[in-house]
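Shown next, in structure tokens, is the structure this report addresses.
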Amino acid sequence: MSAMSKQRKNIFYVFLVVVATIGKVVISFLESMGKFAVFLTNLLLSIVIPPYYPRQIVSQFMEIGYFSLPVVALTTVFAGMVLALQIRSGMGSMSSESLVAPIVSIGILRELSPVLAGLMVAGRVGASMAAELGTMKVTEQVDALVTLSTNPMKYLIRPRVIAGTIALPLLIIIGDIIGVLGGYLVSIYRLHMNIGLYLQATLSNLVMLDLSIGIVKGLCFGFIITVLSCYHGLSSSGGAKGVGKATTNAVVASSISILFCNYIVTGFMV
Amino acid sequence: MLDNTNPLIELRDVKKHFGSKKILQGIDLKVNKGESLVIIGGSGTGKSVTLKCILGLLKPTSGEILYDGQRIDHLSLRKREDVNSKIGMLFQGGALFDSLSIWENISFGALAKKQVTQSTAKKLAIECLEKVGLDPLVANSYPSELSGGMQKRAGLARAIATNPEVILFDEPTTGLDPIMANVINDLIISVTKDLGSSAITITHDMNSALKIADRVAMLWDGRIIWQGTSQDVENTDNPYIQQFYQGCADGPIDWAKKKF
């Protein structure tokens, strides 16, 4: 009898620990959501209030846009190449210029170029942004800005968000071109397809939606990546370890969020 | 303490809690115009929190902070900018912006407030560098190229560049060798005398405190437990001050032992 009641007590105790753990996770999740909501509201409220710091916007645009070109170009060109190979192999004897070309361009323009560019920028820019802002935070440089009558939201965050939101659609357009080119090269030189038929199949199947869907995704992804990375960077605390954690959080959160957002945008637009 | 009726900065029963941790439990403090106040106290007693409350980086849980007779603790960030433009701050690690050169750092506040044009900004920066005894040649270097002591001087140059009415110093001598610490002390005295500014310094370095203070206040357990002039520090029989002054492990202050 006593053994059984003891066992029951133990089970009850384990149950309590499980509930407490879940509760803690839920509470800290809600807490961070609340903090993020405050951050986002402050950012959006300050979006129209000068000063604008155009030099910051330009230098961030170079950092996010221009210096991401090589990675985006490399990832999309390989994606286009591999797509052409796979369709050929998957479709077997059915595959012809009129099948491979449109699938490559739809795949690249609508999905692969936006998602790959987004993930690459999230990894490259998100990490460096969170690390830079995190270091500024823990070495009191952010506090120093406030004491010098400068609003960190306007000086640090807004230029990054504006630059990122403009840069990513442009990167995606460039990725579109390079990705389609990759598919073209493989189809012509490896699969020995007909150049004229391939080009005609590519161009005649293009619609405006293919391009605009990428641009809308780019606007959303650019905003999401920069806002999340800035948020995680600025909320880091506790020295080098805190900055490392913030960097990881920034990359993970922006990667997951853009994939989620990718589905939502696609669902709305097609 | 001649002008006691009209202090420049006044803290009235300021409390600051972080969750269940009560860091400040009711601070009452006055700083008069042109006066140099030093707040001493051990690590973790709330010195930095006090400074951050004055700067508006933290909002007090309760209590009032007045600047020149006006309440400033509840202002929005935008209205704070006007008040903060009258306050200079030297951070513990210098907190220089490492993406900007030294002269851009120093003239940052003046440029932000449009006190100077781009072209005169560098001239202003070099003037400030000379005031803190740095070679004008370092104007074009970046903070990471300077030693710790030089970074602190550059930070001081940035703090005085906007001609503030009050300068806050966060542990100005921590991490410096004794000679450089004294150089910084002298700089603080000369800079505040030249500008006629008030100064609030937080430190646990007693030599530095006695040297730069007109008045010393001791912070312990979230409250100001003692105030007096530098001479009073040496003569008082307050056990807390005596222990802190002499650096004994035994006495009423037991934080050093608590940790073990």
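In order, the protein sequences belong to chains W and C.
Note that the first sequence covers residues 1 to 270 in this note's numbering.
Note that the second sequence covers residues 1 to 260 in this note's numbering.
For every residue, glycine included, the Cβ atom is placed at its ideal position computed from N, Cα and C.
None of these values were measured; they are calculated from a predicted model.
Pick from the options that is closest to residue i, judged by C-alpha positions
i, options, result
"S36 (chain C)", "C:Q246, C:Q242, C:A249, C:V216", "C:V216"
"I162 (chain W)", "W:I64, W:S28, W:G92", "W:I64"
"I224 (chain C)", "C:D194, C:I241, C:G34", "C:I241"
"V216 (chain W)", "W:G80, W:I264, W:V138, W:T76", "W:I264"
"M269 (chain W)", "W:F221, W:G214, W:L116, W:A73", "W:G214"
"V191 (chain C)", "C:P178, C:I167, C:A110, C:G148", "C:I167"
"C248 (chain C)", "C:L29, C:G42, C:K15, C:V31", "C:G42"
"A181 (chain C)", "C:S197, C:G196, C:D205, C:K193", "C:D205"
"K211 (chain C)", "C:D186, C:I23, C:W220", "C:D186"
"T41 (chain W)", "W:P51, W:V227, W:Q7", "W:V227"
"P54 (chain W)", "W:L206, W:I157, W:L199", "W:I157"
"K154 (chain W)", "W:V186, W:L112, W:L211, W:I47", "W:I47"
"L24 (chain C)", "C:S119, C:K30, C:E10, C:G46", "C:G46"
"I188 (chain W)", "W:I224, W:V58, W:M94, W:L85", "W:L85"
"M136 (chain W)", "C:T120, C:T61, C:L100, C:A161", "C:L100"
"G238 (chain W)", "W:L44, W:V138, W:F12", "W:V138"
"T162 (chain C)", "C:G133, C:I184, C:N105", "C:N105"
Residue environment, residue i, which counts as buried when at least 16 other CB atoms sit within 10 Å
i, result
"Q60 (chain W)", "buried"
"D231 (chain W)", "A quick correction: the sequence has Tyr, not Asp, at residue 231 (chain W). Buried."
"E171 (chain C)", "buried"
"F29 (chain W)", "exposed"
"E97 (chain W)", "buried"
"F260 (chain W)", "exposed"
"E234 (chain C)", "exposed"
"E140 (chain W)", "buried"
"Q246 (chain C)", "exposed"
"R80 (chain C)", "buried"
"L197 (chain W)", "exposed"
"S85 (chain C)", "buried"
"Y184 (chain W)", "buried"
"G34 (chain W)", "exposed"
"V77 (chain W)", "buried"
"F18 (chain C)", "exposed"
"N10 (chain W)", "exposed"
"V115 (chain W)", "buried"
"N6 (chain C)", "exposed"
"V243 (chain W)", "buried"
"P252 (chain C)", "exposed"
"I179 (chain C)", "exposed"
"K160 (chain C)", "For clarity, residue 160 (chain C) is Ile in the given sequence; the question names Lys instead. Answer is buried; the Cβ neighbour count reaches 16."
"I225 (chain W)", "buried"
"Q151 (chain C)", "buried"
Cβ-Cβ distance between residue i and residue j below 7 Å
i, j, result
"S141 (chain C)", "A125 (chain C)", "no"
"G218 (chain W)", "P169 (chain W)", "yes"
"I102 (chain C)", "V138 (chain C)", "yes"
"P164 (chain C)", "G88 (chain C)", "yes"
"L55 (chain C)", "K33 (chain C)", "no"
"V49 (chain C)", "K21 (chain C)", "no"
"N238 (chain C)", "W226 (chain C)", "yes"
"A201 (chain W)", "A79 (chain W)", "no"
"G149 (chain C)", "L129 (chain C)", "no"
"M81 (chain W)", "G182 (chain W)", "yes"
"L148 (chain W)", "A121 (chain C)", "no"
Own chain, CB closer than 6 Å to residue i, minus 5 neighbours either side, in chain order
i, result
"P152 (chain W)", "V142, L145"
"F169 (chain C)", "L90, T201"
"V83 (chain C)", "Y67, I72"
"M1 (chain C)", "Legend: pLDDT at M1 (chain C) = 44, less than 50; position of this residue unreliable, value from coordinates given subsequently. So the list is empty, once near-sequence residues are dropped."
"A246 (chain W)", "A130, G134, H232, G233, S236"
"V116 (chain C)", "A110, L124"
"D214 (chain C)", "E35, S36"
"F244 (chain C)", "none"
"S62 (chain C)", "K15"
Neighbourhood of residue i by C-beta, 7 Å cutoff - its chain only, sequence neighbours within 5 removed
i, result
"A209 (chain C)", "V38, I40, T203, V216"
"S255 (chain W)", "L119, A122"
"A167 (chain W)", "F61, I64, G65, G222"
"L146 (chain C)", "V138, A154"
Cβ shell of residue i (< 8 Å), same chain only, five flanking positions each side left out
i, result
"L75 (chain C)", "G56, V83"
"I103 (chain W)", "L83, I87"
"L171 (chain W)", "G65, S68, L69, V72, A117, V121, G218"
"D98 (chain C)", "Y142, P143, S144"
"N205 (chain W)", "A101, P102, S105, I106"
"D135 (chain C)", "L129"
"E132 (chain W)", "G233"
So, does the segment 53–68 of chain C touch the segment 225–237 of chain C, judging by three or more C-beta pairs under 8 Å? no
Assess contact between the segment 108–123 of chain W and the segment 163–179 of chain W, defined as three or more Cβ pairs (one per stretch) separated by less than 8 Å. Is contact present? Touching, yes.
Count Cβ pairs between the segment 249–263 of chain W and the segment 119–131 of chain W that sit closer than 8 Å; are there 3 or more? yes
Any chance the segment 170–185 of chain C sits against the segment 144–160 of chain C, with 3 or more Cβ pairs inside 8 Å? yes
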